[in-house]
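Working notes for the structure below.
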Amino acid sequence: DTAVSQTPKYLVTQMGNDKSIKCEQNLGHDTMYWYKQDSKKFLKIMFSYNNKELIINETVPNRFSPKSPDKAHLNLHINSLELGDSAVYFCASIRRGGGELFFGEGSRLTVL
Amino acid sequence: DQQVKQNSPSLSVQEGRISILNCDYTNSMFDYFLWYKKYPAEGPTFLISISSIKDKNEDGRFTVFLNKSAKHLSLHIVPSQPGDSAVYFCAALEGDDKIIFGKGTRLHILP
Numbered sequence: 001d002t003a004v005s006q007t008p009k010y011l012v013t014q015m016g017n018d019k020s021i022k023c024e025q026n027l028g029h030d031t032m033y034w035y036k037q038d039s040k041k042f043l044k045i046m047f048s049y050n051n052k053e054l055i056i057n058e059t060v061p062n063r064f065s066p067k068s069p070d071k072a073h074l075n076l077h078i079n080s081l082e083l084g085d086s087a088v089y090f091c092a093s094i095r096r097g098g099g100e101l102f103f104g105e106g107s108r109l110t111v112l
Numbered sequence: 113d114q115q116v117k118q119n120s121p122s123l124s125v126q127e128g129r130i131s132i133l134n135c136d137y138t139n140s141m142f143d144y145f146l147w148y149k150k151y152p153a154e155g156p157t158f159l160i161s162i163s164s165i166k167d168k169n170e171d172g173r174f175t176v177f178l179n180k181s182a183k184h185l186s187l188h189i190v191p192s193q194p195g196d197s198a199v200y201f202c203a204a205l206e207g208d209d210k211i212i213f214g215k216g217t218r219l220h221i222l223p
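Protein chains in written order, with my numbering: chain A, 1 to 112; chain B, 113 to 223.
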């Protein structure tokens, strides 16, 4: 069973569209993250949720809106997609208090 | 401004020799450090970690060294194997929740 799963794995879309990436973890973790890996391969934190509550919001455009319906899910919705949004987005989760950060396999978003 | 820096984008090492991957950080409040390994088209996977109260942690072929005064840590892999070819990310934990990554170093193990 995959610990952290993201869907879709690949997403190709036009500029201006709205799209969502879903993430689910079956580890019982309280804290989930979204990271963006850009063309320079830099893994940059975007958001963090703990038990459905937003705790970290880095300088991310308002077009990005995370939604956590329950502590096992953290979805990323992106409005009005731009070319610069093309990247691989990784979801991750961790047990509160430290330990290993488990990553999903990544969702490659290509905006044309 | 990058708080976790991996200044070598790539490194090539002969199979069987030691691979040393370096990482520098600027925030003295970091108290926990991690190394992740990433293969193409996969998410990063955890390798090894170290708390700031220690200066060394070893797990099999992997050893992480921490020099707090220099704000430097390194990952040693010995002996290096072909399957070690991957991108290695250094990361630091800020507070309870924020894990900040370096840009990664691509390690090539040569036959």
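C-beta atoms are modelled at their ideal positions from N, C-alpha and C, and glycine is treated no differently.
Worksheet item: To which residues of the same chain is residue 159(B) closer than 7 Å at the C-beta, ignoring the five residues directly before and after it?
Response: The residue given as residue 159(B) occupies position 47 in the second sequence. So the list reads 147, 148, 149, 174, once near-sequence residues are dropped.
Worksheet item: For the region 19-30 of chain A against the region 77-95 of chain A, are there 3 or more C-beta pairs whose distance is under 8 Å?
Response: yes
Practice prompt. List the residues of chain B that residue 41(A) touches, going by C-beta distances under 8 Å, in chain order.
Written response: Counting from 1 along the first sequence, the entry for residue 41(A) is found at position 41. By Cβ distance, chain B contributes 199, 215, 216.
Discussion item. Counting C-beta neighbours from all protein chains within 10 Å, is the total for residue 222(B) 16 or more, i.e. buried, or is it exposed?
Written reply: Counting from one through the second sequence, the residue named residue 222(B) turns up at place 110. Counting Cβ neighbours within 10 Å, residue 222(B) comes out exposed, since fewer than 16 surround it.
Item to complete: Starting from the beta carbon of residue 209(B), find every residue of chain A whose beta carbon is closer than 9 Å, and list them in chain order.
Response: Taking the second sequence and counting its residues from 1, the one referred to as residue 209(B) is at position 97. Within 9 Å Cβ-Cβ: 31, 33, 48, 50, 55, 56, 94, 96.
Practice prompt. Specify the secondary structure class of residue 66(A) as computed by DSSP and reduced to three states.
Written response: Against the first sequence, residue 66(A) aligns to sequence position 66. In this structure, residue 66(A) counts as strand in the three-state DSSP scheme.
Discussion item. If we define contact as Cβ-Cβ less than 8 Å, is residue 24(A) a contact residue for chain B?
Written reply: Taking the first residue of the first sequence as 1, we reach residue 24(A) at position 24. No, its Cβ sits nowhere closer than 8 Å to a Cβ of chain B.
Practice prompt. Kindly list the residues whose CB is nearer than 8 Å to the CB of residue 102(A), restricted to its own chain and excluding five residues on each side of it in sequence; keep chain order.
Written response: Along the first sequence, one-based indexing puts residue 102(A) at 102. Excluding sequence neighbours, residue 102(A) sits near 3, 4, 25, 27, 29, 92, 93, 94.
Worksheet item: Closest Cβ-Cβ distance between residue 103(A) and chain B: below 8 Å?
Response: Within the first sequence, the letter at position 103 stands for residue 103(A). Any Cβ of chain B closer than 8 Å to the Cβ of residue 103(A) would place that residue at the interface, and such an atom is present.
Worksheet item: What does DSSP give as the partner residues of residue 6(A) in its beta bridges?
Response: The count along the first sequence starts at 1 and reaches residue 6(A) at position 6. Per the DSSP secondary-structure output, residue 6(A) pairs in a beta bridge with 23(A).
Worksheet item: So does the region 71-87 of chain A actually touch the region 16-23 of chain A, counting three or more Cβ pairs closer than 8 Å?
Response: The region 71-87 of chain A is in contact with the region 16-23 of chain A.
Discussion item. Using a Cβ-Cβ distance cut-off of 8 Å, determine whether residue 155(B) contacts chain A.
Written reply: Residue 155(B) sits at position 43 when you count from the first residue of the second sequence. It does; some Cβ of chain A falls within 8 Å.
Worksheet entry | Three-state class that DSSP yields for residue 187(B) in the structure shown | The residue labelled residue 187(B) in the question sits at position 75 within the second sequence. Here residue 187(B) sits in strand by DSSP.
Worksheet item: Where do the ends of the beta strand (DSSP E) carrying residue 59(A) lie?
Response: As a position in the first sequence, residue 59(A) is number 59, starting the count at 1. Premise fails: residue 59(A) is in no beta strand (DSSP E) and is neither H nor E.
Worksheet entry | Within chain B, the residues that residue 16(A) reaches when beta carbons sit closer than 8 Å | In the first sequence, the residue the question calls residue 16(A) occupies position 16. Here the premise fails: no neighbours, minimum Cβ distance about 28 Å.
Item to complete: Report the rounded CA-to-CA distance for residue 92(B) versus residue 12(A), giving the unit in angstroms.
Response: Residue 92(B) cannot be examined here, being either before or after the span of chain B that is shown, 113 to 223.
Practice prompt. With residue 169(B) as the anchor, note down where its beta strand (DSSP E) starts and where it stops.
Written response: Within the second sequence, the letter at position 57 stands for residue 169(B). That run of the beta strand (DSSP E) goes 168-171.
Item to complete: Kindly identify the DSSP beta-bridge partner or partners of residue 136(B).
Response: Indexing the second sequence from 1 puts residue 136(B) at position 24. Answer is 117(B), 184(B), bridged to residue 136(B).
Discussion item. If you follow the beta strand (DSSP E) that residue 145(B) is in, where does it begin and where does it stop?
Written reply: Taking the second sequence and counting its residues from 1, one reaches residue 145(B) at position 33. First-last of the beta strand (DSSP E) with residue 145(B): 144-150.
Discussion item. At the 8 Å Cβ level, is residue 90(A) part of the contact set with chain B, yes or no?
Written reply: In the first sequence, counting from the first residue as 1, residue 90(A) sits at position 90. Yes, contact with chain B.
Worksheet item: Given that residue 212(B) touches chain A, what residues does it touch there, using C-beta distances under 8 Å?
Response: By 1-based counting over the second sequence, the position of residue 212(B) is 100. Ordered by position in chain A, the residues that pass the 8 Å Cβ test against residue 212(B) are 45.
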